[in-house]
Amino acid sequence: MSTTRSLHNKSINGNRKKRVALFQTLTVKSDMSQAIVELSEYNPKWSSEFEIEKAFLIDKIGKWLCGNVEHVGSTSVPNLMAKPVIDIMFGIESLETSKPAIDVMVKNGYCYFPYKGDVMHWFCKPSEAHRTHHLHLVPFESPLWKERLLFRDILRSSKSLAKEYQELKQTLAIEHANDRELYTEKKSPFIQKVITNAHC
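Numbering (our numbering), first residue to last: 434 to 633.
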């Protein structure tokens, strides 16, 4: 094969890969936006459900664990309304060294999405449309790790902030019931304000 033809084929293959990557990104964004936003009253069972899943995760991907496994998100805050989905933050050494864990979790009931792939490996189960768990593989002690724990602990200790956050969530759940990703984005200013104030 001539050098010109070889370069032409490489160019075609490269363009195909770019189109596939773009399609996958758009598909992920579309799929993740489809799940309905529904809030539930706080359920004390959420804590025990986290512990059960934590044990399962340590059994399956414990070799990549660095630091702790933490219950985060609204289900980790007593008396706070939440989507009935257990958010789990699993500490890892780095995104690169933990890549093999993706395949392990996919084979054990989790769906993987390259959502915010620059800061974590993100999964949900049992499906995108119906979720009971979110799994976040996050580098231990990274900025994201620290911010998630800080926000959780502040809500646990401040009833007034927890109440304000709940009221925001209720409003957004009505306004963006059919767009889960936008619902999440609209909460960000409040979350960042709480975190910023905590550092003052």
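Ideal Cβ placement from N, Cα and C applies to all residues, glycine included.
On a predicted model such as this, the values are computed, not experimentally measured, just so you know.
> For L570, which residues does DSSP report across the bridge?
Replying inline: Sequence index remark: in the sequence shown, residue 570 carries index 137 (1-based). Answer by DSSP bridge pairing, in chain order: F523 and H554.
>> If contacts are defined as beta-carbon pairs under 8 Å, then L570 and Y543 qualify, I think. What distance do you get, rounded to the angstrom?
In response: Locating residue 570 in the sequence shown gives position 137, where the first residue counts as 1. Locating residue 543 in the sequence shown gives position 110, where the first residue counts as 1. That pair is no contact at about 11 Å.
> Ordered along the chain, which non-local residues of its own chain (more than five positions away) have a Cβ less than 7 Å from that of H566?
Replying inline: Residue 566 sits at position 133 when you count from the first residue of the sequence shown. Hits under 7 Å: E486, V518, I519, I521, C557 and K558.
>> Taking only three categories from DSSP, how would you classify L498?
In response: Here residue 498 is taken as the residue at index 65 of the sequence shown, counted from 1. Note: L498 maps to strand in three-state DSSP.
> Can you tell me whether DSSP reads H632 as helix, strand or coil?
Replying inline: Residue 632 sits at position 199 when you count from the first residue of the sequence shown. Three-state result, H632: helix.
> Buried or exposed: which applies to E503, given that a residue is buried once 16 or more other Cβ atoms fall within 10 Å of its Cβ?
Replying inline: Against the sequence shown, residue 503 aligns to sequence position 70. Around the beta carbon of E503, 16 or more other beta carbons lie within 10 angstroms, which makes this residue buried.
> Alpha carbon to alpha carbon, what distance is there between P622 and V552?
Replying inline: Counted from its first residue, the sequence shown places residue 552 at position 119. Counted from its first residue, the sequence shown places residue 622 at position 189. Approximately 19 Å between the Cα atoms of the pair.
> Leaving out the 5 sequence neighbours to the left and right, which residues in its chain are closer than 7 Å to I628 when beta-carbon positions are compared?
Replying inline: Locating residue 628 in the sequence shown gives position 195, where the first residue counts as 1. E580, L583 and F584.
> Rounded to a whole number of angstroms, what is the C-alpha to C-alpha distance between I494 and Y545?
Replying inline: Numbered from 1 along the sequence shown, position 61 holds the residue referred to as residue 494. Numbered from 1 along the sequence shown, position 112 holds the residue referred to as residue 545. Near 15 Å, if we compare the C-alpha coordinates of Y545 and I494.
>> Between K532, G506, F573 and E529, which has its C-alpha nearest Y598's C-alpha?
In response: Numbered from 1 along the sequence shown, position 165 holds the residue referred to as residue 598. Closest option to Y598, Cα to Cα, is G506.
> Hey, how far is the Cα of Q625 from the Cα of M538?
Replying inline: Along the sequence shown, read from residue 1 onward, the residue named residue 625 stands at position 192. Along the sequence shown, read from residue 1 onward, the residue named residue 538 stands at position 105. Cα-Cα distance, rounded: 30 Å.
> What do you reckon, are the CB atoms on L513 and Y475 nearer than 8 Å?
Replying inline: The count along the sequence shown starts at 1 and reaches residue 513 at position 80. The count along the sequence shown starts at 1 and reaches residue 475 at position 42. Yes.
> What residues in its chain sit with their C-beta under 6 Å from that of R564, if we drop five residues either side in the sequence?
Replying inline: Numbered from 1 along the sequence shown, position 131 holds the residue referred to as residue 564. Closer than 6 Å at the Cβ level, and outside the excluded window around R564, lie V518 and C557.
>> Rounding to the nearest angstrom, what Cα-Cα distance links C499 and E526 in this structure?
In response: Here the question's residue 499 lines up with position 66 in the sequence shown. Here the question's residue 526 lines up with position 93 in the sequence shown. Cα to Cα, the separation comes out at about 5 Å.
> When the Cα of D586 is compared with those of L528, S531, S473 and A631, which residue comes out closest?
Replying inline: As a first step, residue 586 must be located in the sequence shown, where it is residue number 153. Looking at the Cα atoms, A631 is the closest of the given residues.
> So is E600 in contact with chain D if we call contact Cβ pairs under 8 Å?
Replying inline: No chain D appears in the structure shown, which is made up of a single protein chain.
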